[in-house]
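Structure first, then comments.
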Amino acid sequence: MKASARAVVIGGGVVGASVLYHLAKAGWSDVLLVEKSELTSGSTWHAAGGMHTFNGEANISRLQKYTIDLYREIEQLSGQSCGLHPNGGLMLAADQGELDSLRLICSRARYLGMQTEMISLERALEYNPLIDPSHFIGALWRADGGHCDPSGTTNAYAKAARQLGAQVERYTRVLELRPRREGSWDVVTDKGTVHAEHVVNCAGLWAREVGHMVGIELPVLAMEHHYLLTEDIPELRGRAREIVNTTDYSGEIYLRQERAGVLIGTYEPHGVVWSPRHTPDDFSMQLLAEDFERLAPYFEVGFRHFPALGRVGIRKAVNGPFTFAPDGNPLVGPVRGVRNYWVACAVMAGFSQGGGIGLVLSRWMTEGDPGQDILSMDVARFGAFATPKYTSVKVPENYSRRFRLTYPNEELPAARPLRRSPIYEQLKAKGAVMGANFALEHALWFAPPGTAAAETPTYRRSEAFPHVREECRAVRSAVGLYETTNYGKYEVTGRGARAWLDHVFASRIPRPGRLALAPMLNEAGRIVGDLSMACLDEDRFFIVGSGFAEEFHLRWFWAADPPADVRVRSAASTLTGVSVAGPRARELLQPLVRLDLSAAAFRLFSVAQTAVGFTPAILTRAGFTGELGYEIWTTPDYFATLYEELCEAGSGLGLRHFGARALSSLRLEKAYGSFNKDFRPDYTPGETGLDRFIDFGKAAFTGRDAALAERERGARRRFVVMEVADTEVDVIGYESIMKDGAAVGYVTSGAYGHCVDRSLAAGYVPAPLAREGERFEIDILGEMKSATVRLEPLYDPQGLRLRS
Ligand SMILES: Cc1cc2nc3c(=O)[nH]c(=O)nc-3n(C[C@H](O)[C@H](O)[C@H](O)COP(=O)(O)OP(=O)(O)OC[C@H]3O[C@@H](n4cnc5c(N)ncnc54)[C@H](O)[C@@H]3O)c2cc1C
0 MKASARAVVI
10 GGGVVGASVL
20 YHLAKAGWSD
30 VLLVEKSELT
40 SGSTWHAAGG
50 MHTFNGEANI
60 SRLQKYTIDL
70 YREIEQLSGQ
80 SCGLHPNGGL
90 MLAADQGELD
100 SLRLICSRAR
110 YLGMQTEMIS
120 LERALEYNPL
130 IDPSHFIGAL
140 WRADGGHCDP
150 SGTTNAYAKA
160 ARQLGAQVER
170 YTRVLELRPR
180 REGSWDVVTD
190 KGTVHAEHVV
200 NCAGLWAREV
210 GHMVGIELPV
220 LAMEHHYLLT
230 EDIPELRGRA
240 REIVNTTDYS
250 GEIYLRQERA
260 GVLIGTYEPH
270 GVVWSPRHTP
280 DDFSMQLLAE
290 DFERLAPYFE
300 VGFRHFPALG
310 RVGIRKAVNG
320 PFTFAPDGNP
330 LVGPVRGVRN
340 YWVACAVMAG
350 FSQGGGIGLV
360 LSRWMTEGDP
370 GQDILSMDVA
380 RFGAFATPKY
390 TSVKVPENYS
400 RRFRLTYPNE
410 ELPAARPLRR
420 SPIYEQLKAK
430 GAVMGANFAL
440 EHALWFAPPG
450 TAAAETPTYR
460 RSEAFPHVRE
470 ECRAVRSAVG
480 LYETTNYGKY
490 EVTGRGARAW
500 LDHVFASRIP
510 RPGRLALAPM
520 LNEAGRIVGD
530 LSMACLDEDR
540 FFIVGSGFAE
550 EFHLRWFWAA
560 DPPADVRVRS
570 AASTLTGVSV
580 AGPRARELLQ
590 PLVRLDLSAA
600 AFRLFSVAQT
610 AVGFTPAILT
620 RAGFTGELGY
630 EIWTTPDYFA
640 TLYEELCEAG
650 SGLGLRHFGA
660 RALSSLRLEK
670 AYGSFNKDFR
680 PDYTPGETGL
690 DRFIDFGKAA
700 FTGRDAALAE
710 RERGARRRFV
720 VMEVADTEVD
730 VIGYESIMKD
740 GAAVGYVTSG
750 AYGHCVDRSL
760 AAGYVPAPLA
770 REGERFEIDI
780 LGEMKSATVR
790 LEPLYDPQGL
800 RLRS
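To convert, note that position 348 of the sequence shown is 347 in numbering that gives the first Met the number 0; the numbers rise steadily by one, no gaps.
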């Protein structure tokens, strides 16, 4: 075995093999994969090999398409067949919700360039004659997908990688990872030690243990999974084509042809965790004991929905383990605090996702950036809250819902409430319907007295609609209160803080007493943060961003290597916050503070350390509603007192609590974009409009060259808000934006604008078309709706109320 390598990939399943291939393809030929047994000997060898492009996140869908298209390339390069059956996919809906979901997939697929079509059940039967159509009401067909041979595919990756200079050492077990002072690793194996600049954890079923080698607890857990192979099915005899891979949402069944029979699998509601604490070292190409008794009721649904299956015998049953993260998406990327250690694990759909993961991770390692937004599979989407217990509860929940739709207004119940603010119970008592963001409970909307604090999951307007409307109107006409504790919060202090921030952020760094909107770019000039920065003192800054991105931003700050005289700290659990907004916000707050809050004395974007009633607090004049607004931050021990005093002060002023749904509506009326929805690492300052907050006069900041180049060149596309005509349904996200029959962009967020009485959709359109009154069409749940660009915010375009 070689003594050193640029990178050592640990694990020779389909994911490790793909990472190896992509690293070699990116030019790192000095890479080594070590596998403790044979290639494929974790979960890969017994997989069903199904592949598809479906994912709730557009970028993951795109990477899945890349994966499927890649197989021809590696076949050619390696001479090894992937055993491809590119026969497409069929998804069956049994009720209105499922049908809406298929229509949304169809709308999204247009912009992604995927061939997808809603088809009649008659046509579905042509693709798969085993379906009993009486159980279904609609179907979607997609050209991409099918199945492949798991072992052939993994070996094709490995052989193609070898062609490019990479090496593979089988029967070599990594025992220990020892960091060297300068950031490289000694990879200790049972066959000797390799010195590596980088290591990649692709250890699949053992990813948790390879995490422990560097002292981290990855949120990953394996579940048992069964599929059956039937004997030959007479109905399939003589068919020219294989049946199309079929997903039956209501039956929670997937099936595909296997020779002259069928492979049928189920994701049962009461799944069984495999090896909850430690994956056995000696587990290799083994199957687990079958448990038909437990699974019979679920397969029986399959036999009812596809009756021919019930008429033939079972040839073989497979029960094998594979791993999941709490939300079912992979864990990819670098880990904060552990230099040159990368993960690509918890991949539950290795044959749909393995190629895309290899692509983005190899770019990240070789170029310093994944090259596109992959927040939804970034390991940093989980923070300290993702403890082993959290994972042990969320993974089975996710497994049980693999083929159950999660509606856009649905919040999953497992491991909740976990993180609670000090006013959690008070908000619940006010009728708050809660969601969880980074495991922190926060109010989505408030059910007025006498109404149920619950919501029916739907793709359409729910019973929350009229209550959210009242919340919005109260903010615009009187004053509203919104808890901001779930924002990401950071403190940056020290003598070198200003200079360091000046380099990390693209914006001007505010002077003491002022606050600035502060975009952060990567080297490629793409948006990695849209934060606000308050300067409390010359050497003390308080930064606020998206709550879900806390770990992502902390990792970004860590990677920017703060010098010894700069201290960066998360204030996630040490600061709680509340916003009061509306024309009467000043009236509410002034009696509680000694500071003069008049427009002249405490202008927009002012910040002060003061007392609000009994509470020592940081007070800023800022907000996200477009109204006169203040944010108040204090430590958790004062928070309930602060909240009670604010409520009391607002009682005669029409104070109303509002939640995240109302905030979405209010911000879109003002055309404010939101990080992770509208602003992501896919977009640039010119495209998002955040260029107006960039200080181009600064000599140096991350992303400056790319941002300047874009300024010279002009943005290719632009973020716009459109009003959608004549619709009873609001957009959800990722619907295609159409112009003259072609998809030219997709929706990034939307809401009903309750105070402008219009349905609003935000998204990116080609720059020349980003002009007032330009018309597009948006496919909303199967119906084309006219959408008109409004370049000015629909509400208070001059920002007079904000500055009042
Ligand atoms: C029954 C079943 C059906 C499935 N069907 C499908 C399907 O239809 N489509 C689909 O896309 N996916 C399917 N999957 C999931 C798929 O198998 C996984 O997504 C995929 O195999 C994950 O690959 P991996 O490389 O991440 O992990 P693994 O295959 O587990 O590979 C990890 C490798 O790391 C090695 N390793 C671990 N620790 C060390 C160490 N210390 N030193 C050296 N080597 C080490 C292991 O030996 C192993 O070979 C199915 C899974 C099961 C169980």
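By construction, the Cβ of each residue, glycine as well, lies at the ideal position given by its N, Cα and C atoms. Since this is a predicted model, take the numbers as computed values, not measurements.
- Taking a contact to require three or more Cβ pairs closer than 8 Å, the stretch 669-686 and the stretch 527-547 qualify as touching.
- Just so you know, the alpha carbons of N397 and M222 end up roughly 10 Å apart.
- At a threshold of 7 Å, V209 counts as near ligand 1, since its beta carbon sits closer than that to one of the ligand's heavy atoms.
- In the displayed model, G357 falls within a helix according to three-state DSSP.
- Residue pairing by DSSP puts N436 in a beta bridge opposite L439.
- Scanning the stretch 76-137 for uninterrupted beta strand (DSSP E) segments of 3 residues or longer gives 88-92 and 115-118, listed from N- to C-terminal end.
- Here A160 is not near A324, since their CB atoms are 8 Å or more apart.
- Taking the Cα of C534 as reference, the smallest distance to any Cα among F604, A345, T43 and G355 is reached at F604.
- Closest in alpha carbon position to D189, among E181, G182, A307 and Y170, is Y170.
- Here DSSP, grouped into helix, strand and coil, assigns Y266 to coil.
- Residue range P387 to S399 is occupied by the alpha helix (DSSP H) that includes P395.
- Here DSSP, grouped into helix, strand and coil, assigns W341 to strand.
- Distances taken from the Cβ of V337 to the heavy atoms of ligand 1 include none shorter than 7 Å.
- The beta-carbon distance between Q79 and N154, rounded to whole angstroms, is 5 Å. This is short enough to meet the 8 Å contact definition.
- Taking 7 Å as the cut-off, one finds at least one heavy atom of ligand 1 near enough to the beta carbon of Y226.
- With contacts defined as CB atoms closer than 8 Å, Y253 and L91 fail to qualify as a contacting pair.
- Beyond the five residues adjoining it in sequence on each side, L665 comes within less than 7 Å, by CB distance, of C471, V474, T624 and G625 in the same chain, given in chain order.
- A direct Cα-to-Cα measurement between I693 and R539 gives close to 21 Å.
- A straight-line Cα-Cα distance of about 29 Å links R691 and D756.
- In the structure shown, K315 adopts extended strand secondary structure according to DSSP, grouped into three states.
- Distance check between Q797 and each of A750, K669 and A706 places K669 closest, using alpha-carbon atoms only.
- The C-beta distance from G479 to F657 rounds to 4 Å, short enough to meet the 8 Å contact threshold.
- Contact between the stretch 785-803 and the stretch 720-733 is present: three or more C-beta pairs spanning the two stretches fall below 8 Å.
- In the displayed model, W44 falls within coil according to three-state DSSP, outside both helix and strand.
- Checking the 7 Å criterion, the Cβ of V173 is within range of a heavy atom belonging to ligand 1.
- Looking at I422, L103, G327 and C147, the one whose alpha-carbon comes closest to that of L139 is L103.
- Note that the stretch 501-510 does not touch the stretch 340-359; fewer than 3 beta-carbon pairs, one per stretch, sit closer than 8 Å.
- Under the three-state reduction of DSSP output, Y248 falls in the coil class, being neither helix nor strand.
- Only exposed fits H277, as fewer than 16 other CB atoms lie within 10 angstroms of its CB.
- In this structure, the straight-line span from the alpha carbon of A548 to that of R415 is close to 20 Å.
- DSSP places T457 in the coil class of the three-state scheme, outside both helix and strand.
- In this structure L500 does not touch R583 by the C-beta definition: roughly 35 Å separates them, more than the 8 Å allowed.
- Take the alpha-carbon of A123 and the one of G145: they are about 15 Å apart.
- Annotation for G48 indicates a beta carbon within 7 Å of some heavy atom of ligand 1.
- Checking the 7 Å criterion, the Cβ of K158 is out of range of every heavy atom belonging to ligand 1.
- Relative to ligand 1, the beta carbon of I252 is positioned no closer than 7 Å to any heavy atom.
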